[in-house]
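A.B. asks:
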């Protein structure tokens, strides 16, 4: 990774802010020496943590912002009155070119509203989407939208396919990402109209990598495709259900192992296997809800993240900047529109070729 | 349970039919002596299995039906040409009053289409829904719709709340069921319009048991409510995702325990705990997708069910007949409409009380 990029950090967002944000930045800097940081937050709260990390302090600017967005603030209110919050000013740094990406662990709705308002959208993208990486039996799968849009039209889903596929490439999920649209069955006649239409469009216009048509809910944990496209309502339910299933499993495993002296002894022997599982599915490694489709890189770190989780979100942002995410998406969407136009022209030769 | 009920069985539906169907009926009969059965299927295939179970044979009628619905048959084609299939004739037995319920392990789409066409809907119910019971941290939760309706209006969701709550009472999930509508957050302003409207209606008109407003995806495995109401698209994705997460967990548990000699020894000691978990979440105990809202009891047994699973689906049907499911739903829906009318009258006193 090249080192000439600057990351704006909302140092006041998240349960463990500002400590976890500064420590997370320090960990990211160890992984990618040469990153630069702009911290936005209360300087009195930040300075002591920064003082302990001279390597980081040497590559960081501290911008004192006394205001911050609270977890319970409504997005509309933040848009109106939150211009001087650490979150808003960190986003502005990207809009003004002083940083190439922004990472925040704060209020998701406010972050999306501010980022949308301040950064705008990429050319050819009507609505941004929230994406995240899910662990699967076969590896990792990008799922989007996870909640930005409760209702989506066919054209949104087609754009999500491009947004998700380019992200899958840059985040190392797959060089030639396969994409599926989430549906209630895999036959082409099944499901909602907008989904069938999005599927038909991607088949007709063509997709730069692999389009696999419809996938089902079970295909997410099975890892049947690298990118699963869905609307933000279904995606949000799926994300939270998967998280809840994780708690469910942990709860009953614990209960089963604690149920008798025999199973408690079993737990001692099983410990290496359990620890291996815990490491393999450390939620911190999957930290980072990425806002795709904005004219700037914006990553939402989980509100409960510790420093390691924050460092992972920062590295995701750095990889997207490094790979030129926005430019690539714009190129792919434009190529898709060109193919669509060419197909339309080919199917009506009179208009396309003949004299008027 | 009283014993004066007859269950019509599609003996040709499911991967292990007809053996699992007949054995399942025998197991159900052991649990509830006095049940009667009508078997629909190829008599040559059924007779040998029935001959081995004289107790069952004494309480069963065998109806020879050479035709059957195949798993890949389209519902529309079955509606048109499938009148003499074992599935269609078993449903007709309910419509004609010769049986009080029908259980099939066959093609879900065909079963719903035939049952809808032959039995019709309960008074006050516009669309039937498919429900099932999910295991949760706190016990069991009924989720509906799991796939009958990809798109639902507010009035459908309100009716699903009644359908699900009455089922939760009869299936022993809860005497005073709490109901939530699945959404992307728990605040009243979140989510899709039809969901907000259904929530507002249930709050305004009142609900015979407990209405808890919105719940999120994680609330299903956590068991936050006894009944989760959603549209058939979201419900189907959730059902399949939960199944897939089960495979995911089993896969990685196996892999973790097989990863070294130490963890293999651990697996031996952990075996009682693992066996306990397997028993606790035996999918056969959750067998039976129940079609709610039809004018007759229809239970879809999982296609891959063995005899024990089939017996559980049969007992679910028997409990619903015993509890008078249809009559109860009709009474609750009618009471809900009465309250709605009374509220409307109260809010416009001129029209309701005054002279014109």
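Chains as they are written, first to last, in our numbering: chain C, 608 to 963; chain Y, 608 to 963. Think of the CB as a built atom: it goes at the ideal place given N, C-alpha and C, for glycine as much as any other residue. Bear in mind the structure is a predicted one, so any value in this text is a computation, not a measurement.
Which complete alpha helix (DSSP H) runs does the segment 855-902 of chain Y hold, if anything under 4 residues is left out?
C.D. replies: 868-887
A.B. asks: Output, in chain order, the set of chain C residues within a Cβ distance shorter than 7 Å of residue 852 of chain Y.
C.D. replies: Numbered from its first residue, the second chain carries residue 852 of chain Y at position 245. Annotation: Cβ neighbours of residue 852 of chain Y in chain C (cutoff 7 Å, chain order): 828, 849, 852.
A.B. asks: How far does the beta strand (DSSP E) with residue 617 of chain Y in it reach, from first residue to last?
C.D. replies: Residue 617 of chain Y sits at position 10 when you count from the first residue of the second chain. Boundaries of the beta strand (DSSP E) around residue 617 of chain Y: 613-617.
A.B. asks: How big is the Cα-Cα spacing for residue 670 of chain C and residue 703 of chain C?
C.D. replies: Taking the first residue of the first chain as position 1, residue 670 of chain C is located at position 63. Taking the first residue of the first chain as position 1, residue 703 of chain C is located at position 96. Looking at the two C-alpha atoms, the distance is approximately 15 Å.
A.B. asks: Mind reading off the beta-carbon distance from residue 873 of chain Y to residue 876 of chain C? Whole number of angstroms is fine, and I expect it under 8 Å.
C.D. replies: Mapped onto the second chain, residue 873 of chain Y falls at position 266. Mapped onto the first chain, residue 876 of chain C falls at position 269. Confirmed, about 4 Å.
A.B. asks: Can you give the Cα-Cα distance for residue 846 of chain C and residue 753 of chain C, rounded to whole angstroms?
C.D. replies: The residue given as residue 846 of chain C occupies position 239 in the first chain. The residue given as residue 753 of chain C occupies position 146 in the first chain. Across the structure, residue 846 of chain C and residue 753 of chain C are spaced so that their CA atoms are roughly 7 Å apart.
A.B. asks: Which residues bound the alpha helix (DSSP H) around residue 768 of chain Y?
C.D. replies: Within the second chain, numbered from 1, the residue matching residue 768 of chain Y stands at position 161. That run of the alpha helix (DSSP H) goes 761-777.
A.B. asks: Which chain C residues sit within Cβ distance under 9 Å of residue 874 of chain Y?
C.D. replies: For the purposes of this step, residue 874 of chain Y is identified with residue 267 of the second chain, where counting begins at 1. Under the 9 Å cutoff, chain C gives 873, 876, 877, 880.
A.B. asks: Using a 10 Å radius around the Cβ and a threshold of 16 neighbouring Cβ atoms, would you call residue 735 of chain C buried or exposed?
C.D. replies: Mapped onto the first chain, residue 735 of chain C falls at position 128. Label assigned to residue 735 of chain C: buried.
A.B. asks: Can you tell me whether residue 711 of chain C is helix, strand or coil according to DSSP?
C.D. replies: As a working note, residue 711 of chain C is residue 104 in the first chain. In the structure shown, residue 711 of chain C sits in a strand (DSSP, three-state: E or B).
A.B. asks: Closest Cβ-Cβ distance between residue 754 of chain C and chain Y: below 8 Å?
C.D. replies: Here the question's residue 754 of chain C lines up with position 147 in the first chain. So, interface residue.
A.B. asks: Helix, strand or coil for residue 963 of chain Y? Go by DSSP, reduced to three states.
C.D. replies: Residue mapping note: residue 963 of chain Y aligns to position 356 of the second chain, counting from 1. With a pLDDT of only 43 at residue 963 of chain Y, under 50, the local geometry of the prediction cannot be trusted, and no value is derived from it.
A.B. asks: Of all the options Y:615, Y:612, Y:629, Y:617, which has the alpha carbon lying nearest to the alpha carbon of residue 913 of chain Y?
C.D. replies: Position 306 of the second chain holds residue 913 of chain Y. Ranking the options by Cα distance to residue 913 of chain Y, first place goes to Y:629.
A.B. asks: Are the C-beta atoms of residue 750 of chain C and some chain Y residue less than 8 Å apart?
C.D. replies: Translated into positions along the first chain, residue 750 of chain C becomes position 143. Output row for residue 750 of chain C: interface = no.
A.B. asks: Should residue 645 of chain C and residue 700 of chain C be called a contact, given that it needs their Cβ atoms to be closer than 8 Å?
C.D. replies: As a position in the first chain, residue 645 of chain C is number 38, starting the count at 1. As a position in the first chain, residue 700 of chain C is number 93, starting the count at 1. Yes, the Cβ-Cβ distance between residue 645 of chain C and residue 700 of chain C is below 8 Å.
A.B. asks: Alpha helix (DSSP H) containing residue 914 of chain C: first to last residue?
C.D. replies: Taking the first residue of the first chain as position 1, residue 914 of chain C is located at position 307. Per DSSP, residue 914 of chain C belongs to the alpha helix (DSSP H) from 914-929.
A.B. asks: At a CB distance below 9 Å, what residues from the segment 897-912 of chain Y approach chain C? Give them in sequence order.
C.D. replies: none
A.B. asks: To be precise: take each residue of the segment 776-803 of chain Y, compare its Cβ to all Cβ atoms of chain C, and keep it if any distance is under 7 Å. Which residues remain?
C.D. replies: 789, 791, 798, 799
A.B. asks: Indicate whether residue 584 of chain C and residue 751 of chain Y have their beta-carbon atoms separated by less than 8 Å.
C.D. replies: Outside the shown range of chain C, which is 608 to 963, sits residue 584 of chain C, and nothing can be said about it.
A.B. asks: Between the segment 629-655 of chain Y and chain C, which residues of the former have a C-beta closer than 8 Å to a C-beta of the latter?
C.D. replies: none
A.B. asks: Determine the DSSP secondary structure at residue 649 of chain Y, reduced to helix, strand or coil.
C.D. replies: The residue you call residue 649 of chain Y lines up with position 42 of the second chain. Residue 649 of chain Y falls in the coil class under three-state DSSP.
A.B. asks: Just curious, the alpha helix (DSSP H) that residue 808 of chain C is in, first and last residue?
C.D. replies: Indexing the first chain from 1 puts residue 808 of chain C at position 201. Start and end: 800-812.
A.B. asks: Spatial neighbours of residue 733 of chain Y within its chain, please: CB distance less than 8 Å, with the 5 preceding and 5 following residues excluded, ordered by chain position.
C.D. replies: To locate residue 733 of chain Y, count along the second chain from 1; it is residue 126. These residues qualify, in order along the chain: 762, 763, 766.
A.B. asks: Using CA atoms only, rank isn't needed, just tell me which of Y:756, Y:906, Y:953 is closest to residue 842 of chain Y.
C.D. replies: One-based indexing of the second chain puts residue 842 of chain Y at position 235. If we check each option's Cα against that of residue 842 of chain Y, Y:756 comes out closest.
A.B. asks: What residue from C:611, C:945, C:935, C:952 has the CA that sits closest to residue 775 of chain C's CA?
C.D. replies: One-based indexing of the first chain puts residue 775 of chain C at position 168. Checking every option, the nearest Cα to that of residue 775 of chain C belongs to C:935.
A.B. asks: Excluding the 5 residues preceding and the 5 following residue 813 of chain C in the sequence, name in chain order all residues of the same chain whose CB lies nearer than 7 Å to its CB.
C.D. replies: Residue numbering aside, residue 813 of chain C sits at position 206 when the first chain is read from its first letter. Excluding residues within five positions, the ones whose Cβ falls inside 7 Å are 946.
A.B. asks: Under a Cβ-count criterion, where at least 16 other Cβ atoms within 10 Å of its own Cβ denotes burial, should residue 685 of chain Y be classed as buried or exposed?
C.D. replies: Here residue 685 of chain Y is taken as the residue at index 78 of the second chain, counted from 1. It is buried - the Cβ of residue 685 of chain Y has at least 16 other Cβ atoms within 10 Å.
A.B. asks: Terminal residues of the continuous alpha helix (DSSP H) containing residue 829 of chain Y?
C.D. replies: The residue labelled residue 829 of chain Y in the question sits at position 222 within the second chain. Looking at the DSSP string, the run of the alpha helix (DSSP H) that includes residue 829 of chain Y is 826-829.
A.B. asks: Taking contact to mean 3 or more Cβ pairs, one atom from each stretch, closer than 8 Å, check whether the segment 666-680 of chain C and the segment 708-725 of chain C are in contact.
C.D. replies: yes
A.B. asks: Compute the Euclidean distance between the alpha carbons of residue 892 of chain Y and residue 808 of chain Y, then round it to the nearest angstrom.
C.D. replies: Along the second chain, read from residue 1 onward, the residue named residue 892 of chain Y stands at position 285. Along the second chain, read from residue 1 onward, the residue named residue 808 of chain Y stands at position 201. Cα to Cα, residue 892 of chain Y sits roughly 34 Å from residue 808 of chain Y.
A.B. asks: Do residue 621 of chain C and residue 910 of chain C count as a contact pair if the criterion is CB distance below 8 Å?
C.D. replies: Counting from one through the first chain, the residue named residue 910 of chain C turns up at place 303. Counting from one through the first chain, the residue named residue 621 of chain C turns up at place 14. Yes, they are a contact pair.
A.B. asks: Let me see if you follow: with CB-CB separation under 8 Å, is residue 963 of chain Y close to chain C or not?
C.D. replies: Along the second chain, read from residue 1 onward, the residue named residue 963 of chain Y stands at position 356. For residue 963 of chain Y, the predicted structure reports a pLDDT of 43, less than 50, and the residue's modelled location is therefore unreliable. A value from the coordinates is still provided. No, its Cβ sits nowhere closer than 8 Å to a Cβ of chain C.
A.B. asks: How about residue 869 of chain Y: is its C-beta nearer than 8 Å to some C-beta of chain C?
C.D. replies: The residue you call residue 869 of chain Y lines up with position 262 of the second chain. Yes, residue 869 of chain Y counts as interfacial toward chain C.
A.B. asks: Looking at the structure shown, is residue 907 of chain Y part of a helix, part of a strand, or coil, going by DSSP?
C.D. replies: Within the second chain, residue 907 of chain Y is the residue found at index 300, counting from 1. In the structure shown, residue 907 of chain Y sits in a strand (DSSP, three-state: E or B).
A.B. asks: Can you tell me which of the three DSSP states residue 728 of chain C falls into?
C.D. replies: By 1-based counting over the first chain, the position of residue 728 of chain C is 121. Residue 728 of chain C: strand per DSSP, three-state reduction.
A.B. asks: Just to confirm, are residue 719 of chain Y and residue 840 of chain Y a CB contact at a threshold of 8 Å?
C.D. replies: In the second chain, residue 719 of chain Y corresponds to position 112, counting from 1. In the second chain, residue 840 of chain Y corresponds to position 233, counting from 1. No, these two residues do not count as a Cβ contact at 8 Å.
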